[in-house]
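Engineer: So that we are looking at the same thing, I have put the structure below in structure tokens.
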Amino acid sequence: MWALVINPVSGQGRGSTVGTYVAGYLNQKKLQFTIVTGNSSIALSDHLKTFVAKNPDCHGVIAVGGDGLLHIVLQVVVPAQIPFTVIPAGTGNDFVRTLGWSLDQIDDQLDRVTSAAPVSIDLGLVDGEWFGAILSTGFDSIVNEKANTMRFPKGPMKYNVAIAIELPRFKPRHYEITLDDRIISTEAMLIAVANGRSYGGGMLVCPNASVRDGLFDVMVLHPISKVEFVKVFPRVFAGTHISHPAVEIVRSRSVRIESKAIAYSDGERIGQLPVSVECIPNAVETWVA
């Protein structure tokens with residue numbers, strides 16, 4: 283028995299469309315599954331917990347949605363030690379990218395999931411919450427905060443508008459970053475603690491990060507002018523920003539960040555700093571490309 287978890291509002295309704303397609307695929311393969319959904323994140327989480335409790339030997343969880351759904355699913359499958367996969371139907375789909383899956387070849391991913399054994403990957407743990415890709419604080423979190431209050435425009439454009447609003451008034455903040463072997467005390471514009479490679483819909487903030495090495499890549503963007511920021515920002519989509527002299531990347535299994543700022547992980551609000559983050563090796567099983 284599989285759990286097919288569907289967020290119908292992911293990607294402006296794409297979750298429902300893709301979820302119907304995945305259900306058809308499973309039916310065609312004559313695989314048993316139960317659809318799990320909900321009209322809120324709390325309801326969906328509760329329904330998945332109920333399914334797992336009743337089916338402790340289920341084959342796995344197939345989640346159709348984006349990184350927000352990933353965040354919900356992780357909190358359930360990791361304690362239960364049930365393998366899972368995410369079929370891309372959200373706005374960013376960065377965890378799917380991290381695992382190497384194409385966003386437009388769903389059949390290839392489903393073929394692997396339903397025929398091959400999963401492998402273990404690392405996850406991040408921040409103050410008791412699991413995350414798959416990236417925890418961040420600084421300018422991008424401020425943009426997230428702004429975007430979450432905006433009703434228009436919809437989709438990824440909302441974040442571009444939020445950037446345009448927030449950048450002119452943004453100021454770097456002071457951070458204390460405690461790593462395994464050192465403390466970094468610095469002004470910074472952005473800090474990303476990366477288990478995965480990308481966030482924000484394909485921004486390769488830490489292009490060399492791996493979900494199977496037991497370590498975070500920690501990217502610190504030291505202060506630069508706003509003009510320079512606008513020039514450098516597009517390079518993040520190719521990962522070439524890491525050669526800029528204001529970008530510092532270090533590696534650590536544990537990270538504590540202190541400042542008057544807010545943190546997000548996998549696009550979900552974690553809350554005010556300080557936060558303590560740990561990379562947990564082999565935390566869960568999934569399928570990689």
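In terms of this note's numbering, the sequence shown opens at residue 283 and continues consecutively. Don't be surprised by glycine CBs; every beta carbon is placed ideally from N, CA and C.
Would the region 343–357 count as touching the region 368–376 if we require 3 or more Cβ pairs under 8 Å?
Structural biologist: yes
Engineer: In chain order, what residues of the same chain have a beta carbon less than 7 Å from the beta carbon of G478, not counting five sequence neighbours either side?
Structural biologist: Numbered from 1 along the sequence shown, position 196 holds the residue referred to as residue 478. The residues are D376, F377, T380, G414, A415, I416, A491 and V493.
Engineer: If the criterion is Cβ atoms closer than 9 Å, does the pair S402 and Q357 meet it?
Structural biologist: In the sequence shown, residue 402 corresponds to position 120, counting from 1. In the sequence shown, residue 357 corresponds to position 75, counting from 1. Taking 9 Å as the Cβ cut-off, S402 and Q357 do not qualify as a contacting pair.
Engineer: CB L555 to CB V500, shorter than 9 Å?
Structural biologist: The count along the sequence shown starts at 1 and reaches residue 555 at position 273. The count along the sequence shown starts at 1 and reaches residue 500 at position 218. Their beta carbons are not under 9 Å apart, which means L555 does not touch V500 by this criterion.
Engineer: Could you confirm whether any beta carbon from chain B is found closer than 9 Å to the beta carbon of R494?
Structural biologist: Chain labels in this structure do not include chain B; a single protein chain is all it has.
Engineer: With which residues is D499 paired in a DSSP beta bridge?
Structural biologist: Position 217 of the sequence shown, counting from 1, holds the residue named residue 499. Per DSSP, the beta-bridge partners of D499 are A476 and R533.
Engineer: Would you call the region 402–411 and the region 467–478 in contact, with 3 or more CB pairs under 8 Å?
Structural biologist: yes
Engineer: For the candidate residues T302, N321 and V360, whose alpha-carbon lies nearest to that of V346?
Structural biologist: To locate residue 346, count along the sequence shown from 1; it is residue 64. Closest option to V346, Cα to Cα, is T302.
Engineer: Report the start-end ranges of each alpha helix (DSSP H) in the region 305–343 that is 4 residues or longer and not cut off at the edges.
Structural biologist: The qualifying runs are 323–336.
Engineer: Between the alpha carbons of G342 and A446, how many angstroms are there, rounded?
Structural biologist: Within the sequence shown, the letter at position 60 stands for residue 342. Within the sequence shown, the letter at position 164 stands for residue 446. For the pair G342 and A446, the Cα-to-Cα distance works out to about 42 Å.
Engineer: Give the single residue among P338, L392 and N442 whose Cα lies nearest to the Cα of V570.
Structural biologist: By 1-based counting over the sequence shown, the position of residue 570 is 288. The shortest C-alpha separation from V570 is found at L392.
Engineer: Does the region 424–436 come into contact with the region 541–551, if we say contact requires no fewer than three beta-carbon pairs (one atom in each stretch) closer than 8 Å?
Structural biologist: yes
Engineer: Could you give the first and the last residue of the continuous beta strand (DSSP E) run that contains T568?
Structural biologist: On the sequence shown, residue 568 is found 286 positions in, with the first residue counted as 1. Taken as a continuous stretch (DSSP letters only), the beta strand (DSSP E) holding T568 covers V557 to T568.
Engineer: Can you give me the Cβ contacts of E510 inside the same chain, cut-off strictly under 7 Å, excluding the 5 residues immediately before and after it?
Structural biologist: As a first step, residue 510 is located in the sequence shown; it is residue number 228 there, counting from the start. None.
Engineer: Taking I288 as part of the beta strand (DSSP E), name the residues at either end of that continuous run.
Structural biologist: Locating residue 288 in the sequence shown gives position 6, counting from the first residue. Element bounds for I288: W284 to I288.
Engineer: Using a 10 Å radius around the Cβ and a threshold of 16 neighbouring Cβ atoms, would you call T419 buried or exposed?
Structural biologist: If you number the sequence shown from 1, residue 419 lands on position 137. So T419 ends up on the buried side.
Engineer: What first and last residue would you give for the beta strand (DSSP E) that runs through A528?
Structural biologist: By 1-based counting over the sequence shown, the position of residue 528 is 246. Where A528 is concerned, there is no enclosing beta strand (DSSP E), given that its DSSP letter is neither H nor E.
Engineer: Just the C-alpha distance for L449 and I459, rounded to the nearest angstrom, thanks.
Structural biologist: Taking the sequence shown and counting its residues from 1, the one referred to as residue 449 is at position 167. Taking the sequence shown and counting its residues from 1, the one referred to as residue 459 is at position 177. Rounded to the nearest angstrom, the two C-alpha atoms are 24 Å apart.
Engineer: Nearest-angstrom Cα distance between T367 and A285?
Structural biologist: As a working mapping, residue 367 is identified with position 85 in the sequence shown. As a working mapping, residue 285 is identified with position 3 in the sequence shown. Taking the straight line joining both Cα atoms gives about 11 Å.
Engineer: Under DSSP, the alpha helix (DSSP H) around A394 begins and ends at which residues?
Structural biologist: By one-based count along the sequence shown, residue 394 stands at place 112. With the sequence shown as reference, residue 394 is identified as Arg, and Ala is not the correct amino acid for it. R394 -> alpha helix (DSSP H) spans I388 to S397.
Engineer: Buried or exposed for G297, going by 16 or more other Cβ atoms inside 10 Å?
Structural biologist: Sequence index remark: in the sequence shown, residue 297 carries index 15 (1-based). Per the 10 Å Cβ criterion, buried.
Engineer: For A362, which residues of its own chain have a beta-carbon under 6 Å away from its beta-carbon, when the five flanking residues on both sides are left out?
Structural biologist: By 1-based counting over the sequence shown, the position of residue 362 is 80. V334.
Engineer: Got a sec, what are the start and stop residues for the alpha helix (DSSP H) T380 sits in?
Structural biologist: Along the sequence shown, read from residue 1 onward, the residue named residue 380 stands at position 98. Here the alpha helix (DSSP H) through T380 covers D376 to T380.
Engineer: Which one or two residues does DSSP pair with W383 in a beta bridge?
Structural biologist: Walking along the sequence shown from the start, residue 383 turns up at place 101. For W383, which the question treats as bridged, DSSP gives no partner whatsoever.
Engineer: What number of angstroms, rounded off, separates the C-alpha of I324 from the C-alpha of V395?
Structural biologist: Start at 1 with the first residue of the sequence shown, and residue 324 comes out as number 42. Start at 1 with the first residue of the sequence shown, and residue 395 comes out as number 113. Distance between the alpha carbons of I324 and V395 is about 27 Å.
Engineer: Could you pull the DSSP bridge partners for I465 from this structure?
Structural biologist: As a working note, residue 465 is residue 183 in the sequence shown. Residue pairing for I465: DSSP places it in a beta bridge opposite T460.
Engineer: Ordered along the chain, which non-local residues of its own chain (more than five positions away) have a Cβ less than 6 Å from that of V359?
Structural biologist: Locating residue 359 in the sequence shown gives position 77, where the first residue counts as 1. Excluding residues within five positions, the ones whose Cβ falls inside 6 Å are V343 and F366.
Engineer: Leaving out the 5 sequence neighbours to the left and right, which residues in its chain are closer than 8 Å to D389 when beta-carbon positions are compared?
Structural biologist: Counting from 1 along the sequence shown, the entry for residue 389 is found at position 107. Y307, listed in sequence order.
Engineer: Can you name, in chain order, every residue of its own chain whose Cβ lies under 7 Å from the Cβ of R517, other than the five neighbours on each side?
Structural biologist: Residue mapping note: residue 517 aligns to position 235 of the sequence shown, counting from 1. Only H523 meet the Cβ criterion.
Engineer: So what does M485 bridge to, in DSSP terms?
Structural biologist: Position 203 of the sequence shown, counting from 1, holds the residue named residue 485. DSSP output for M485 lists Y481 as bridge partner(s).
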